[in-house]
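Residue numbering for the sequence shown follows my numbering, beginning at 30 and increasing consecutively. Heads up, the beta-carbon is just placed ideally off N, CA and C, and yes, glycines get one too. Remember, it's a predicted structure, so these values are computed and weren't measured experimentally.
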Amino acid sequence: MIAAIVSRRLSALPLTSFALAGALTVALSACSSTPVPVTETKPVLPQLLQSPAATQPSWATQLKTGAFSCEMGNKVEIRMDGRVTDGVTLVWKGSSYMMNPVSTSTGAVRLENKGEGLVWIQIPSKSMLLNSKVGQQLANDCRTR
Numbered sequence: 030m031i032a033a034i035v036s037r038r039l040s041a042l043p044l045t046s047f048a049l050a051g052a053l054t055v056a057l058s059a060c061s062s063t064p065v066p067v068t069e070t071k072p073v074l075p076q077l078l079q080s081p082a083a084t085q086p087s088w089a090t091q092l093k094t095g096a097f098s099c100e101m102g103n104k105v106e107i108r109m110d111g112r113v114t115d116g117v118t119l120v121w122k123g124s125s126y127m128m129n130p131v132s133t134s135t136g137a138v139r140l141e142n143k144g145e146g147l148v149w150i151q152i153p154s155k156s157m158l159l160n161s162k163v164g165q166q167l168a169n170d171c172r173t174r
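As structure tokens, then:
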């Protein structure tokens, strides 16, 4: 009984289905050409690790450190003590503040101390120190000596 059902189903299929199946088999067998040897591929990750800039975040390579002279006689000092992960020290009016980097979409370097509300922004032409808690500019037009 099963053989009769199978033969009826096979006879009901149009001839184009068998031709299509045959063409598909030929096409798939053509895809099984010789594989590409693994030795021809080059891993990207080791090349990135060899680059010195890849070992530091982008903000760390752009950060200017040292003593800054600002408008109205203000002075700010930026130090990166130890590793990049230790943060950055900002010295302002005799007090030191640990600053943490914040990512920006503009490429500017932005460091913040959320507890004190301090924000240090560096762009290529100048830097500035802001107090985000009171919305006040503390030092503007800061440049390295």
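- Straight-line spacing of the CA atoms in residue 100 and residue 173 works out to 12 Å.
- Rounded to the nearest whole angstrom, the CA to CA distance from residue 110 to residue 144 is 20 Å.
- In this structure residue 154 is exposed. Its beta-carbon is surrounded by fewer than 16 other beta-carbon atoms within 10 angstroms.
- Residue 174 has no beta-bridge partner at all, per DSSP.
- By DSSP's assignment, residue 130 forms a beta bridge with 140.
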